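Protein chains in written order, with the working numbering: chain C, 1 to 370; chain U, 1001 to 1370; chain W, 2001 to 2574.
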Amino acid sequence: MAIVSMRDITVHYGKNAVIDGLSLEVERGENLAIVGPSSCGKTTLMRALCGFIKIARGEILLNDGVVSSPSRRIMVAPEKRNIGVVFQDYAVWPHFTVFENIVYPMRKRKVPKEEAKERALAAMAQVKMQDFADRLPSQLSGGQQQRVALARALVSSSELIVLDEPITNLDAKLREEMAYEIRNLQKTIGVTVIYITHDQETAMTISDRMVIMDKKGAIRQLGSPEEIWNHPKDRDVYAFLGVSNFLPLLNENGSLHLVSSSGKRKFGGLGADIPEDFGSRLLLASRPTDIRVTPLPDAAGGVEGVVERVTYLGHQFDYFVNVGGHTVRVQEDSLEAFGRGVPAEGSPCAVEFLKPAVYEADPLDPRFDL
Amino acid sequence: MSKITLKNVTKEFVTRGGHRVTAVDNFNLEIREGECFSFLGPSGCGKTTTLRMIAGFEDLTEGEIWLGDKPVSVKSKNLYVPPEERGLGMVFQAFAVWPHLNVFENVAFPLRVKKTPRDELRERVMTALGHTDLQGAEKAYPSDLSGGQQQRIALARSIVTNPRVMLLDEPLSNLDPKLRESMRFEIKALQKKFNFTIIFVTHDQSEAMALSDRMLVMDLGRIIQVGTPREMYQNPSNKFVYGFLGLSNFLKVRVREGRVFPAEGTVQPIPFELPEGVSDGEGLLASRPNEIGLSRTEGTGYPGRIEKRLYMTFCIEYHVNIAGQVIRVHTPHGNVLPEGCGCFVQFRNPRWYAGESEQVELERIERQVI
Amino acid sequence: MKFFLTSMFGRETSRGDRRFGLDRIVFLLSLFILIVTVLMPMLMIVVRTFFKGTQPDWALFTRVVMAPENLSAIYNTVKIGFFVTLFGTVLGLFYAWLIGRSDIPMKGLMKALFTIPYMFPPFFGAMAWSLLLAPRSGYMNKWFMQLTGSTSPLLDINSIGGIVFVETCYYFPFVFLQVVSALERMDPTLEESARIAGAGQWYVIRKITLPLVLPAIAAGAMLILISSLSHFGVPAILGFSNNIFTLPTKIYQLINRSAGSFDGIREGAALSILLVAVVVIALYIQRIVLKTGHYDIIKGKSMRPMLIKLRGAKIPLLGISLLSLFVIVVVPLFMIFIVGFLKAYGLPLTLQNLTLRNYEYILGQSKMVRDSIMNSLFLSVSSGVITMFLGVMIAYVVIKVKPRGKGFLEMLSLLPYSIPGLVLAIGVILVWSGAFGINLYNTIWIILIAYIARYVSFAMKSASASLEQVHYSLEEAARSCGATHLESLRDITIPLIRPGMIAGFFLIFLPAMRELTTSVLLYGPFTRTLGVAIYAINSEGNTVQASALATVAIGIIIAGHFALRYVTRDRKGL
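As structure tokens, then:
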């Protein structure tokens, strides 16, 4: 049973529709990440769900009860929706102590004093803030304030928590810790979590399912992180998920040619099936880690290229390889690279694409103009 | 001659609380002509202070600094050459481009100070703008430009006088990650063209490794290690350097009769050849997440249990419990093991370090505040 | 009007959530108060100047503007304004540089002393300096004449030069504070990168530092100019005896001489329009100047800027600054203090000439003085409270509710900033002396209304500053925790801006306590304020009593500042 249903909702900001006809169901107990580039409307979605803004069309259901529906003139106030929210800037009240912050939602919901205290202490323990009960937020670090916000959300709803880009302001290490913690909490308590972020890495790390939104506020793909990573639906999703290489290929009656600066070059051994309905212009998509570069004389296959730049980063090598006028980025684990031999800058090499994907190219793709 | 020599350079500060802090402690170094040298360390380690002493913005408490064969700061002789007479180029973290001057005038400033004739000035400014990809922007004001372009102005301004030494004070940390990478290459390209000596201050290890010919790691005001990026990464001289140069696990272990056991729990030794001269006692076994093999086949490594599996973009991260301690393991996609199952861990390149006292960590935190 | 209102409130906020009727009530109420206290007085001045009854009448305005004595008043006003601005800017800039960029010692002490002129009304300074430098009776002139046997005084403070000097002493901190804060916020690497580029210290100051703080200098200089143009106290005390008039003192004289007759007030209104015109021109120039450069110089990691070593010049410069601070700050306060204990003005400053009688008189016997203290306390506290709440309401509407018409509300609330107090007083008289069936003339309420109008801009600015700190999400977090809109205001917003509100109260209470310009036109037989009482006693020639009363006022102001310091000392969490 879905805990949240959004049916064909449209949200306007001024005259522009930020979200236009979006539908989404969130399953009870799941950890759903909503990912998209900045200003794609994901925060708007969360604000509509929480009741901070009205929707122009469609309806939102919480626990099968309608909370927003302009056609039926229903707009349940935010305080009656029972959603725990963690805001991007934490929104921890600076004049309350940690304990007062966390106990506030229960005070508003008339939970008996003793019980409220107990639950607040438990929530503080869950986020490891029990030693800071009497501190003011100004005496806490960003990461700690975030924990307070999380604890406050946990006590204000045992069913649904929405986190809006909550960890983008933290440094990498804290961010990672926080991501683990959120995932842990969700698994142990069983609360439904909607997690909004523009960082696909965190989203993949913590979610059961993720929703990829595009700049126009529409859903591009929905699925488990594994599914989406292994089978991005289109080239935009592919590109959004991480560093990617696209090479233009021409399909001429089943034989593939790479469009290069020196004219067409035969391209053999794709290792991926090409759907029949694709036209003649294709894009080969590959991840830097799924490409193998071998110095030329020893090469067994692949296309020819020239290593333009070699950068040592400790745990890995970064190569920029020129393949027929296209720059291909390659990353190789440094232990493996040392084992196989690091190519020198300027030397010719063979480039093999290990797990490529194929997409139909945009008719105006400039990569074909070489 | 553009080598840089620092002899016994020491800098003491008195903090607001009246404490004496040795920001830089007996720093001895010779930077070779034409090399790119990085100062790497956490904030508060004294790297920026050292750079500012070389630039002439800070006085020395002791020691001397030579640019080429000219002394510029010699404490014992009370010799101090002001920054404007040291003939250096410098780029700052916050860009420090002058908002009241347009791009052309920003870049022309060093030449105007020197009263360069008009035609020559114009020619040199345009050349510098060309090298930094700013042609056509000379009439624009910095506030109309992006962060990356502003940093390019700063670069153009610093190369226009053709200095032999370039000081870069975290020049990339105010830029977004994508830009950071491309600016890195631009700096490198400029250096190749003009052949100046670079001192590059950063807290980002991948930046330091990607850019520098040689580098040093500083901690608590002292130089810990000097070497090429590869030497440093492959042979960190202590735990701090190991941890600073990449992701790391430190497994607490105990040595008994030349064999290594986890600090608590099992009686099974970890296969590892101790360096010479290690006597019985406690220590740390350091490993990198990507240098650990993971399998379910018995006999392929040390037994552990998978506690958590996280899907990330370019790898899968496992949290593996080994005798009560959790280490992180990164494996390529495809090798999927379920959470909760037993597994075998193979350290492919482990290192042994003595432990570090907690006092040191506290001191680091304290120095960051100052 | 009705159509206007419905079109303004017809639409809900674009942020969507329905906020009961509360937000709308707050909006309407604050708009109503502003229209009554600010807009109507201004309109009435225009109406009364250009209309006689219902007939348009330009004759009065042309006559007033063309009168030679008024023309000379305009000339004096502009001249004084120009020189005060010039000297004040130079002085402020010099000290700002000394404190912001040199290694001069005792910076903390100097910065504290520089804020003192801020606390006291300039007309105290005028009183003090005329105690010292009045041509015949001033102590310094007398000493000079005794010592040298000369028959002409050393300096005559009752001159344009004297007025310029006293106003400069009190207004230079405008530039000083603006520039010091700009220098402190400025990223030091902007100057350092110029050093690296080969520029020496002075070159950097000329080509980098000075241009970058130019907007701050311009802003401070304009504050000085506008303050000086509309200033009443100093030219009134120093100029009347020598027939030196400025526009504000001329307006005062016109109204005072006409003894409240309608024609006199109309003439005053016409002159007011002239004064406003001069101020508007100044403001216009400011906008043009500021437009040329508005840069963000606040970024980067905060580092200590490189201080310029004064070396040999350090001690002389320190001596000069301490001496000038002594002259500007300490001498006038000390003179007022000591003369307050004198048996009679003019007696030598020796121990046997000192007495407590003046204090006995002003605090014990004179009912007028006691009344004035009570009046001022009542007016300052009540206008402080009312205006502070009004400011919060307006700021709330402008920042949080954002209805259509918020721009109009904001404009109305900031309008009094640029209206001289004297002009405001005339407008208030025109509205509240029976024109609309309510006659408050000669009551304390008319002064209260004028104070509210005068200080609403302060209150609004200070409330906006603290309200802007309260991000939307803090209120929304409360909503999502189960609080209603009203509860989120009560539990979160109000407590968070409370320190700002208390500080805002004092920022009105303190200047109101010493206010002269507005009340001098509005007071009646029983509604003198402290400022008016001191001014009146002083102009009657009872210098010693005026000084004693001024000392009392100084005491109250200092106490108020300590209270302000106390409440703003620790802003919980914000």
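Built from N, CA and C at the ideal position, the CB exists for glycine as well. No experiment lies behind these values; they were computed from the predicted model shown.
Whole-Å CB distance - residue i paired with residue j, under 8 Å assumed
i, j, result
"U/V1320", "U/C1343", "6 Å"
"W/M2222", "W/A2282", "7 Å"
"W/F2123", "W/Y2535", "7 Å"
"C/P356", "C/L284", "5 Å"
"C/M6", "C/L32", "C/M6 to C/L32, Cβ: 12 Å. No contact."
"W/L2190", "U/A1096", "5 Å"
is_contact[residue i, chain U] using C-beta, thresh 8 Å
i, result
"W/P2211", "yes"
"C/D333", "yes"
"W/K2301", "In this prediction, W/K2301 has a pLDDT of 45, which is less than 50 and means its spatial position is unreliable; what the coordinates show is noted afterwards. By this cut-off, W/K2301 is an interface position."
"W/G2200", "yes"
"W/F2203", "A small correction: the amino acid at residue 2203 of chain W is Tyr; Phe does not occupy that position in the sequence shown. Chain U, which has a Cβ nearer than 8 Å to the Cβ of W/Y2203, makes this yes."
Residue from the options with nearest C-alpha to residue i
i, options, result
"C/Q130", "C/L121, C/S138, C/L136", "C/L121"
"W/P2121", "W/V2026, W/R2514, W/I2045", "W/R2514"
"C/D277", "C/F87, C/N253, C/F320", "C/N253"
"U/V1160", "U/A1137, U/M1053, U/E1123, U/F1347", "U/E1123"
"C/V358", "C/D365, C/G302, C/L247", "C/L247"
"W/P2105", "W/I2315, W/I2196, W/I2224, W/N2243", "W/I2315"
"U/N1008", "U/G1324, U/S1295, U/N1028, U/R1184", "U/N1028"
"W/V2470", "W/A2395, W/F2458, W/G2504", "W/A2395"
"W/Q2588", "W/L2342, W/Y2359, W/V2552", "No statement about residue 2588 of chain W is possible, as the shown extent of chain W runs from 2001 to 2574 and does not include it."
"W/I2446", "W/S2488, W/P2499, W/S2382, W/L2489", "W/S2382"
Cross-strand partners of residue i (DSSP beta bridge)
i, result
"U/F1027", "U/V1009"
"U/P1262", "U/V1253"
"U/R1222", "U/D1219"
"C/S371", "The question about residue 371 of chain C has no answer here: the residues shown for chain C are numbered 1 through 370."
"U/D1204", "DSSP, once it has assigned bridges, lists no residue as partnering U/D1204."
"C/R265", "C/L258"
"U/M1090", "U/L1167"
"C/V85", "C/V162"
"C/C349", "C/P295, C/G305"
Residue i at chain C interface by Cβ criterion, 8 Å
i, result
"W/K2572", "Any reading at W/K2572 is ruled out, since the residue's pLDDT is 44, under 50, leaving its predicted position unreliable."
"U/L1337", "no"
"W/G2405", "no"
"W/A2463", "no"
"W/I2298", "Residue placement at W/I2298 is poorly supported in this model, since its pLDDT is 48, which falls under 50; the coordinates still yield a value, given next. Output row for W/I2298: interface = no."
Cutoff 8 Å: residue i Cβ touching any chain W Cβ
i, result
"C/K113", "no"
"C/D20", "no"
"C/R57", "no"
"C/F320", "no"
"C/P70", "no"
"U/Q1012", "Per the sequence shown, residue 1012 of chain U should be read as Glu rather than Gln. Closer than 8 Å: no."
Any non-hydrogen atom of the ligand ADP within 7 Å of residue i CB
i, result
"W/P2188", "Among the ligands in the structure shown, none appear at all, so the ligand ADP cannot be discussed."
Partner residues on chain D for residue i, Cβ-Cβ distance less than 9 Å
i, result
"U/R1122", "As a matter of chain content, chain D is missing from the structure shown, whose protein chains are C, U and W."
Could you please tell me which residues of the region 2169-2193 of chain W, in chain order, have their CB closer than 8 Å to any CB of chain U?
D2187, T2189, L2190, E2192, S2193
Beta carbons nearer than 8 Å to chain C: which residues of the region 1188-1213 of chain U have them?
Q1205, S1206, M1209, A1210
If contact means a Cβ-Cβ distance below 8 Å, which residues of the region 1228-1261 of chain U contact chain C?
P1229, R1230, Y1233, L1245, G1246, L1247
Proximal residues, the region 2486-2509 of chain W versus chain C, C-beta separation under 8 Å
E2487, D2491, I2492, P2495, L2496
Against chain U, which members of the region 187-215 of chain C pass a CB distance test of less than 8 Å?
When CB distances to chain U are screened at a threshold of 8 Å, the residues of the region 187-215 of chain C falling below it are Q200, E201, M204, T205, I206, in chain order.
Interface positions of the region 1103-1127 of chain U facing chain W (Cβ-Cβ less than 7 Å), listed along the chain:
Against chain W - using a Cβ distance shorter than 7 Å - the residues of the region 1103-1127 of chain U are F1109, P1110, V1113, K1114.
Taking a Cβ distance cut-off of 9 Å, strictly less, list which residues of the region 305-318 of chain C are near chain U, in chain order.
Using a CB distance below 9 Å, the part of the region 305-318 of chain C facing chain U consists of R309, T311, Y312, L313, G314, H315, Q316, D318, ordered along the chain.
For the region 223-234 of chain C, list every residue whose C-beta sits within 8 Å of some C-beta in chain U, in sequence order.
P225, E226, W229, N230
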